[in-house]
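Visitor:
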Amino acid sequence: MGGCFSDVKGGQQAVGGGGIVGHLGAQGFGGAGSAAGAAASGHNDAVEFFFQTKGVQALYTKLELSVSASKLRDRDIISKSDPMAVVYAKKRNGTLEELGRTEVIMNNLEPTWIQKISVNYQFEIVQPLIFHVYDVDSQYYNLPVKNLKLKDQDFLGEASCVLSEIVTKRNRTLTLNLHNRDGRGLKSLGTLTVQAEETVASRNAVEMTFRCHHLDNKDLFSKSDPFLRISRIAESGGSIPICKTEVINNNLNPVWKPLCLTMQQYISKDNPLIIECFDFNSSGNHVLIGKLQKTVAELEHLHQTRSGVNLVSPPSHLRRVEKITEGQLFVDGYVKKQLYSFLDYISSGFELNFMVAVDFTASNGNPHNLDSLHYIDPSGRLNAYQQAIMDAGEVVQFYDSDRRFPAWGFGGKTFGGSVSHCFNLNRSPTDSEVTGIEGIMAAYSSTLYNVTLSGPTLFGPVINRAAEIAGGSLSVNQNKYFILLIITDGVISDIQETKDALVKASDLPLSILIVGVGGADFTQMEVLDADDGHRLESSTGRVATRDIVQFVPMREVHRGEISIVQVLLEELPGQFLSYMRSRNIRPHFPDVVHASGQGTLYGV
Amino acid sequence: MGSSNDLRVLEITVISGEDLSINRKQPVKKNAFVTIKTDSFKEQTTKMDKDGGGYPAWDEKFVMDMPMHARYFTAEVRCKTAAGSRIVGTAVIPASDFLGDYVPENYLHFLSYRLWDSHGERNGILNLSVRVKSSSSVKNAYGGGCSSHSAGCSRPWSRIAVGGQQVSNGEGVVTGIPVWS
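Protein chains in written order, with the numbering used here: chain U, -19 to 584; chain L, 2 to 182.
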C-alpha cells in the first residue's frame, strides 16, 4: 500500500556527488568523496581480482546503465509515486540476479535516476536483463536502498530486453514498455528508457563547492529553496544527470556542500556539463530558476578568477527568448583529487591480517554427536565452522602476506579447568598464531576434543584481544589492517560489553566479520552490524567512530542466496578505505606525484 | 605555559555535531557552538555555525593543556539565542579514551560522544578528534593532515540524519539517511 505522503526530507538529499567510482549498488549520496559506498556486491574490484586469480577470466566491457521512466502509475494517494528501479540479470536457469538499484526519486512519475547500474557486457553470451520499477513506501525512507525488501514495496511495472539490444542501437538507448509481471494485462504501465555507456576507469576526481548569488525568487510566501543538478551531454546528444546537491531552504544566496565528481562521471575536463538550478517543491514540480553550460575546465577557471557566471532562464510560453537572470553561480572551491582504490593500497604493500575466534560453547552440542555443529565428519565433509573458516580464510589469506594467523577459542574449559573466553586455539601457552588456513583447521580439530564446551557466549574478551593486536601494530607501521572472524552459533550474553569493545575498537585498523552458524535467531547480531545507520553506543556514552562489523548468517550462504566471498568483501574495502582516508594514509607508490600544484593526493 | 611535568598538551579538533535539538523536539536552527574545558580555568570556544542547523560543522582545532592527573575533559554544545545562549548538550570525554593503552601516544583518535541535555536526555552526537602532543618534538606520523583543513577532508563517519536533514559523506540511503562506513 503506497504511503500517503512522500518523504520530503529524503527528496532533498544530495545524490551522486559522493566521489564513488562507479560501483554496483553503491549509492553516491553526499559530497566530500566518501568511500563509504566504495564496495558493493558484484563489480567490486576486490571480488573481481580474487576471482581472476582463480582463473575465472572473461572478456568483457564494463558498461553503466542510466535509467529513466515515463508515465508511471500513481500509487500514492495524496502525492505521486516515489519510484526506484531495480535491474536484474536473468540467468540460464531462469532465476534473477540483482545487478543494482537506483536511488528513490520522490513524487515523480517521470523519473530520471542518477544512480547508474554497472554491468559487464560480454559479447559472446546472451545477457537478458529484467527491469522492475517500484514505488517505495514512505515507512522505508530511513533504510539504505540495498536493504529495502522489494516484496514490501508497490510494484509499478516490469520491462525486459537483452543487453546487446541496447548496445547495438545507434545511440545505445532503448525504450521499453512497462507491463505487469508475466505479461498479463493490456493496460500501459508507462515506459522505461535505458542508456548504456562504457565506464571510464580513472582515479581522477574533482571536488567543487558551488555558491549562487541573487537567485530569482520562485516561491510565493518565502524564498526559493534552491538545489543544483549537474548533467553531462552524452555522445548521443541527450543529457545524463550525474549528481545533484542537497536542497537549501529559503535562501537566494545558497552555498552548497562540496560535490566530488569522478572522471567517470564527467568523462573529460572539456566535456560540457549542464548545471541547472531548481527551486525545490515538495510536490515534485521543481521550478527551474536558471541554467548554464560549462566544462569542468571552465569551472576551474571560474574558481581561479573568482568570477561568477549568470544563470540563463530558457524560453517559456510567456517569453520566446531566453533571459539572462541576475542569479550568478560561483565556484568557491575546486580541488583535484586522486581516488585510490582498495587494490591500489594492497598492491602497494598494505596488508590484511586475519584472525579467527571459534565458539566453544555448549549450545553447539557435544562434538561426538552427529547433530552437533562441531561434529567432524570422517568422510571429510566440512562442518559449518570448518566451512566458514575455509570460505572467509581463503579470501582474506589472499591479502595476508605472512600467513600467520592468531586463532582463539572462546566459551570452553581448557587445561586450567575454568572457562576461558579467549584461549589460544593451538593450546600453546604463549603463542596464539598458527600457519595458514590448514593450521587453523588442524588446531581446531585437535582442540575440539581437548576442550569441554561450556559457556556463556561472550565476545568482549576476544574483541579486546584483537583490538590490542591491531593497536599494537601501529607502533611499528601503519600499513596493516586487521580482520577478525568470529564464528558463533548463538546469541551473545554480553551485548553491552561487546558494544563497549566494538566502540573502543572502532577507531583502530580493525574490521570484524561475524558468521552465525546453526539455526539460532541472530537478530541481535544484526544490531551490531549497524547497517541501519544507528551508531553503536558504549556504556560510557562514547559512540562508535565507524561501523566495523559485518554479520552474515551461514544458512543464507548455504541457501545460495549470497556468497560469503561477496558479503565479506562487500563492506570490508569500504571500512579499510574509510580508516586510511580519514588519516590521510595513502598507498606507497614510489612515483606518487601531485597532478598539479593544487591537488591534494587523497586515499579514498 | 610550557609543557611542565604537570600538564599534558592536547590537540583537540571539534569537528561536527549530529542530530541536535532544542526543546527535545525541534532541531537546532543555527548558531551552535562548542566550548571545551580541560579544567576550571582553561576553556576554548568554537565559532558559531551560522547555517548548520542540527548538523553543524566547526572543524576548529585547539591546542590545550590538561593537568596530568585529570581524568576527563568536557565539551558543551550551546546554541546562541536572542537572549544569550542555551545549552544543547554536554559530553564528558574520559582521558582513558585517548591515553592509549596499546596505541602510540601521539595517535590521532577520532572520537564521538553522546550529548546529554540539561534534562539528562540524549540530544545528538558530538564528533571530535584528539591527539596527545608529546612534549618532545617528535614528528607525528599519524595523519595530522586531516584535522587542519576542513574542505574535502573526510571523516571516518558520515553525518546521519535520522529523519533530519542529511549532510555530506553519506553512503547510499533511500531518501536521505546515509549509512556510515
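Quick reminder that beta carbons are idealized off the backbone N, C-alpha and C, glycines included.
Nothing here was measured: the structure is a model prediction, and the numbers come from that model.
Can you list, in chain order, the residues of its chain with a C-beta nearer than 7 Å to that of residue 376 (chain U)? Leave out the 5 residues immediately preceding and following it.
Guide: The count along the first sequence starts at 1 and reaches residue 376 (chain U) at position 396. Closer than 7 Å at Cβ, skipping near neighbours: 332, 334, 463.
Visitor: Check each candidate in U:364, U:491, U:247 and name the one with the smallest Cα separation from residue 467 (chain U).
Guide: The count along the first sequence starts at 1 and reaches residue 467 (chain U) at position 487. That would be U:364, whose Cα lies nearest to the Cα of residue 467 (chain U).
Visitor: For residue 279 (chain U), does the three-state DSSP call read helix, strand or coil?
Guide: As a working mapping, residue 279 (chain U) is identified with position 299 in the first sequence. Correct three-state label for residue 279 (chain U): helix.
Visitor: Enumerate, from N- to C-terminal direction, the unbroken beta strand (DSSP E) stretches of 3 or more residues contained entirely within the stretch 128 to 196 of chain U.
Guide: The qualifying runs are 134 to 142, 153 to 157, 171 to 178, 184 to 193.
Visitor: In angstroms with no decimal places, state the Cα-to-Cα distance between residue 480 (chain U) and residue 518 (chain U).
Guide: As a position in the first sequence, residue 480 (chain U) is number 500, starting the count at 1. As a position in the first sequence, residue 518 (chain U) is number 538, starting the count at 1. Going from the Cα of residue 480 (chain U) to the Cα of residue 518 (chain U) covers about 5 Å.
Visitor: In the structure shown, what three-state DSSP assignment does residue 49 (chain U) receive?
Guide: By 1-based counting over the first sequence, the position of residue 49 (chain U) is 69. Strand at residue 49 (chain U).
Visitor: Ignore the nearest five residues each way along the sequence and tell me which others in residue 8 (chain L)'s own chain have a CB closer than 8 Å to its CB.
Guide: Working through the second sequence from its first residue, we reach residue 8 (chain L) at position 7. Excluding sequence neighbours, residue 8 (chain L) sits near 2, 66, 67, 68, 69.
Visitor: Mind reading off the beta-carbon distance from residue 585 (chain U) to residue 273 (chain U)? Whole number of angstroms is fine, and I expect it under 8 Å.
Guide: Residue 585 (chain U) is absent from the structure shown; chain U starts at -19 and stops at 584.
Visitor: When you compare the CB positions of residue 525 (chain U) and residue 111 (chain L), do they come within less than 8 Å of one another, or not?
Guide: Residue 525 (chain U) sits at position 545 when you count from the first residue of the first sequence. Residue 111 (chain L) sits at position 110 when you count from the first residue of the second sequence. In contact: residue 525 (chain U) and residue 111 (chain L) (Cβ atoms closer than 8 Å).
Visitor: Pick out whichever of L:105, L:31, L:84 has its Cα sitting closest to the Cα of residue 18 (chain L).
Guide: Position 17 of the second sequence, counted from the start, is the residue given in the question as residue 18 (chain L). Checked all of L:105, L:31, L:84; the closest Cα to residue 18 (chain L) is L:31.
Visitor: Pull the bridge partners of residue 523 (chain U) from the DSSP assignment, please.
Guide: Locating residue 523 (chain U) in the first sequence gives position 543, where the first residue counts as 1. The partner list for residue 523 (chain U) (beta bridge, DSSP) reads U:517, L:113.
Visitor: Which residues, in chain order, does the stretch 438 to 470 of chain U contribute to contact with chain L at a C-beta distance below 8 Å?
Guide: If the cut-off is 8 Å between Cβ atoms, the stretch 438 to 470 of chain U has 447, 448, 451, 452, 454, 455, 458 near chain L.
Visitor: With C-beta atoms as the reference, is residue 55 (chain U) less than 8 Å away from residue 134 (chain U)?
Guide: Taking the first residue of the first sequence as 1, we reach residue 55 (chain U) at position 75. Taking the first residue of the first sequence as 1, we reach residue 134 (chain U) at position 154. Taking 8 Å as the Cβ cut-off, residue 55 (chain U) and residue 134 (chain U) qualify as a contacting pair.
Visitor: Could you tell me which chain L residues have their CB closer than 8 Å to the CB of residue 487 (chain U), listed as they occur along the chain?
Guide: Residue mapping note: residue 487 (chain U) aligns to position 507 of the first sequence, counting from 1. Those are 110, 111, 112, 157, listed as they occur along chain L.
Visitor: Which value, in whole angstroms, describes the spacing of the CA atoms of residue 13 (chain L) and residue 132 (chain L)?
Guide: Indexing the second sequence from 1 puts residue 13 (chain L) at position 12. Indexing the second sequence from 1 puts residue 132 (chain L) at position 131. C-alpha separation (whole angstroms): 7 Å.
Visitor: Could you run through the stretch 115 to 126 of chain L and flag, in chain order, every residue whose CB is less than 7 Å away from some CB of chain U?
Guide: Listed by position, the residues of the stretch 115 to 126 of chain L near chain U (Cβ gap below 7 Å) are 115, 126.
Visitor: Taking the alpha-carbon positions, what's the residue 111 (chain U) to residue 82 (chain U) distance?
Guide: In the first sequence, residue 111 (chain U) corresponds to position 131, counting from 1. In the first sequence, residue 82 (chain U) corresponds to position 102, counting from 1. Their backbone Cα atoms lie some 11 Å apart in a straight line.
Visitor: Does the Cβ-Cβ distance between residue 83 (chain L) and residue 116 (chain L) come in under 8 Å?
Guide: Here residue 83 (chain L) is taken as the residue at index 82 of the second sequence, counted from 1. Here residue 116 (chain L) is taken as the residue at index 115 of the second sequence, counted from 1. No, Cβ-Cβ distance for residue 83 (chain L) and residue 116 (chain L) is not below 8 Å.
Visitor: Counting Cβ pairs, one atom from each stretch, are 3 or more of them under 8 Å apart for the stretch 158 to 177 of chain U and the stretch 278 to 292 of chain U?
Guide: The answer is no - the stretch 278 to 292 of chain U does not touch the stretch 158 to 177 of chain U, with fewer than three Cβ pairs under 8 Å.
Visitor: Taking only beta-carbon atoms, is residue 141 (chain L) less than 8 Å away from chain U?
Guide: To locate residue 141 (chain L), count along the second sequence from 1; it is residue 140. Reliability fails at residue 141 (chain L), whose pLDDT of 41 lies under 50, so the model's placement of it is uncertain and no value is given.
Visitor: Using beta-carbon positions only, say whether residue 191 (chain U) and residue 246 (chain U) come within less than 8 Å of one another.
Guide: Start at 1 with the first residue of the first sequence, and residue 191 (chain U) comes out as number 211. Start at 1 with the first residue of the first sequence, and residue 246 (chain U) comes out as number 266. Against a cut-off of 8 Å, the Cβ pair of residue 246 (chain U) and residue 191 (chain U) comes out as no contact.
Visitor: What residues from the stretch 511 to 527 of chain U come within 8 Å of chain L, judged by C-beta to C-beta, listed N to C?
Guide: Listed by position along the chain: 511, 512, 513, 514, 515, 517, 520, 521, 522, 523, 524, 525, 526, 527.
Visitor: At the 8 Å Cβ level, is residue 562 (chain U) part of the contact set with chain L, yes or no?
Guide: Translated into the one-based positions of the first sequence, residue 562 (chain U) becomes position 582. So, interface residue.
Visitor: Is the beta carbon of residue 338 (chain U) closer than 8 Å to that of residue 405 (chain U)?
Guide: Numbered from 1 along the first sequence, position 425 holds the residue referred to as residue 405 (chain U). Numbered from 1 along the first sequence, position 358 holds the residue referred to as residue 338 (chain U). Cβ atoms of residue 405 (chain U) and residue 338 (chain U): closer than 8 Å.
Visitor: Give me the Cβ distance between residue 208 (chain U) and residue 198 (chain U), rounded to the nearest whole Å; I'm assuming they're in contact under 8 Å.
Guide: Indexing the first sequence from 1 puts residue 208 (chain U) at position 228. Indexing the first sequence from 1 puts residue 198 (chain U) at position 218. Not confirmed; about 15 Å, so no contact.
Visitor: Beta-carbon of residue 104 (chain L) versus every beta-carbon of chain U: anything under 8 Å?
Guide: Looking up residue 104 (chain L) in the second sequence gives position 103. Yes - at least one Cβ of chain U is within 8 Å of the one on residue 104 (chain L).
Visitor: Near residue 473 (chain U), what residues of its chain come up, given a Cβ to Cβ distance below 7 Å and the 5 sequence neighbours on each side ignored?
Guide: Reading the first sequence from its first residue, position 493 is the one you call residue 473 (chain U). 436, 437, 438.
Visitor: Is the number of C-beta pairs between the stretch 81 to 98 of chain U and the stretch 61 to 73 of chain U that are closer than 8 Å three or more?
Guide: Verdict: yes, contact present.
Visitor: My guess is that residue 469 (chain U) and residue 344 (chain U) are in contact by the Cβ rule of under 8 Å, so how many angstroms apart are they, rounded?
Guide: What you label residue 469 (chain U) is simply residue 489 of the first sequence in a count that begins at 1. What you label residue 344 (chain U) is simply residue 364 of the first sequence in a count that begins at 1. Between residue 344 (chain U) and residue 469 (chain U) the Cβ distance is about 5 Å, and since that is below 8 Å, they are a contact.
Visitor: Distance, Cα to Cα, residue 55 (chain L) vs residue 503 (chain U)?
Guide: The count along the second sequence starts at 1 and reaches residue 55 (chain L) at position 54. The count along the first sequence starts at 1 and reaches residue 503 (chain U) at position 523. Rounded to whole angstroms, residue 55 (chain L) to residue 503 (chain U) spans 31 Å at the Cα level.
Visitor: Do you know how far the Cα of residue 260 (chain U) is from the Cα of residue 205 (chain U)?
Guide: Locating residue 205 (chain U) in the first sequence gives position 225, where the first residue counts as 1. Locating residue 260 (chain U) in the first sequence gives position 280, where the first residue counts as 1. C-alpha separation (whole angstroms): 5 Å.
Visitor: What residues of chain U sit near residue 93 (chain L), judged by a beta carbon separation below 9 Å?
Guide: Here residue 93 (chain L) corresponds to residue number 92 of the second sequence, with the count starting at 1. Under the 9 Å cutoff, chain U gives 520, 521.
Visitor: Starting from residue 100 (chain L), follow its DSSP beta bridges and name the residues at the other end.
Guide: One-based indexing of the second sequence puts residue 100 (chain L) at position 99. BP columns for residue 100 (chain L) are empty, so no partner.
Visitor: Who are the Cβ neighbours of residue 403 (chain U) in its own chain at under 6 Å, not counting the five residues just before and after it?
Guide: As a position in the first sequence, residue 403 (chain U) is number 423, starting the count at 1. The answer, listed in chain order, is 389, 394.
Visitor: If distances are taken between C-alpha atoms only, which option among L:114, L:134, L:118 comes closest to residue 127 (chain L)?
Guide: Here residue 127 (chain L) is taken as the residue at index 126 of the second sequence, counted from 1. The candidate whose alpha carbon is nearest that of residue 127 (chain L) is L:114.
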